[in-house]
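Colleague: Starting off with a structure, shown below.
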Amino acid sequence: MRTYQNNSTETFQLILLDPDYYATPTGDGEFLMQYMDFNNTSYTSGTTNHGNYCTIGTEDHTMTVGLQYTYNDTWHPAAMELGDGKSLLFTTRGSNIRLSGDLNYDEKVDINDILLLVDYNLGYEGMVNEFFGDINGDGLVNVMDMVALIRMVLGYTNS
605 MRTYQNNSTE
615 TFQLILLDPD
625 YYATPTGDGE
635 FLMQYMDFNN
645 TSYTSGTTNH
655 GNYCTIGTED
665 HTMTVGLQYT
675 YNDTWHPAAM
685 ELGDGKSLLF
695 TTRGSNIRLS
705 GDLNYDEKVD
715 INDILLLVDY
725 NLGYEGMVNE
735 FFGDINGDGL
745 VNVMDMVALI
755 RMVLGYTNS
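This note's numbering puts the first residue of the sequence shown at 605, with every later residue one more than the last.
Have a look at this one:
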């Protein structure tokens, strides 16, 4: 695609990640925006409804709910400015602040979390969010996660 003012190239791709393979806490699919050529060159004389520079973000079908990454060359102080070879991952994963192993979200890791994981492994799938149930980080929720969680509860490990 080309920029409005200088006809500079913008080469990017949008990759939709399968939520069945890339688990998130909410079950939503993540998406990755990758930029091969990024040129933020439309800098003046844009109409008010067009804006200037690149507008990057996402919105839903109603155009009322979304996330804006940059508009009119305005960036959040914590946002990385884009350039050639940069990528943005849109996700609901959040940070690593959540207590690892806390499957029932009660802010402690105990026997109740183990029981939830046992139930999940017995086929009661609605009881555990797969993203949080993958204690050992191998992409699967299975008996190995139960072993890791039991070790955490018994104090043999903190992760």
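Glycine included, C-beta positions come from ideal geometry on N, C-alpha and C.
#1: If we call anything under 8 Å between Cβ atoms a contact, is asparagine 676 one with threonine 645?
#2: Check whether the Cβ atoms of isoleucine 718 and leucine 758 sit closer than 8 Å, and answer yes or no.
#3: For methionine 800 and threonine 615, I'd like the C-alpha separation in whole angstroms.
#4: In chain order, what residues of the same chain lie with their CB nearer than 8 Å to the CB of phenylalanine 694, ignoring the 5 residues before and after it?
#5: Taking CB distances under 8 Å as the criterion, tell me whether histidine 680 reaches chain B.
#6: How is leucine 744 classed by DSSP in three states: helix, strand or coil?
#7: Pull the bridge partners of phenylalanine 642 from the DSSP assignment, please.
#8: Would you check if the stretch 696 to 716 and the stretch 724 to 739 touch, i.e. whether three or more CB-CB distances between them fall below 8 Å?
#9: Please report the straight-line C-alpha distance between proline 681 and methionine 748, rounded to a whole angstrom.
#10: Is leucine 621 helix, strand or coil by DSSP?
#11: If you compare alpha carbons, which of Asn733, Lys690, Gly741 is closest to aspartate 641?
Modeller: Reading from the atomic positions:
#1: The Cβ-Cβ distance between asparagine 676 and threonine 645 does not fall below 8 Å.
#2: Not a contact, by the Cβ cut-off of 8 Å.
#3: No statement about residue 800 is possible, as the shown extent of the chain runs from 605 to 763 and does not include it.
#4: Counting only Cβ-Cβ distances below 8 Å, and skipping sequence neighbours, we find Glu634, Phe635, Leu636, Met637, Thr662, Leu671.
#5: Among the chains of the structure shown, chain B does not appear; only one protein chain is present.
#6: Taken through DSSP and simplified to helix, strand or coil, leucine 744 comes out as coil.
#7: For phenylalanine 642, which the question treats as bridged, DSSP gives no partner whatsoever.
#8: The way I'd put it, the stretch 724 to 739 does touch the stretch 696 to 716; three or more beta-carbon pairs between them come closer than 8 Å.
#9: The alpha-carbon atoms of proline 681 and methionine 748 are separated by roughly 41 Å.
#10: Looking at leucine 621 - three-state DSSP - the assignment turns out to be coil, as it is neither helix nor strand.
#11: The residue among Asn733, Lys690, Gly741 with its C-alpha nearest the C-alpha of aspartate 641 is Lys690.
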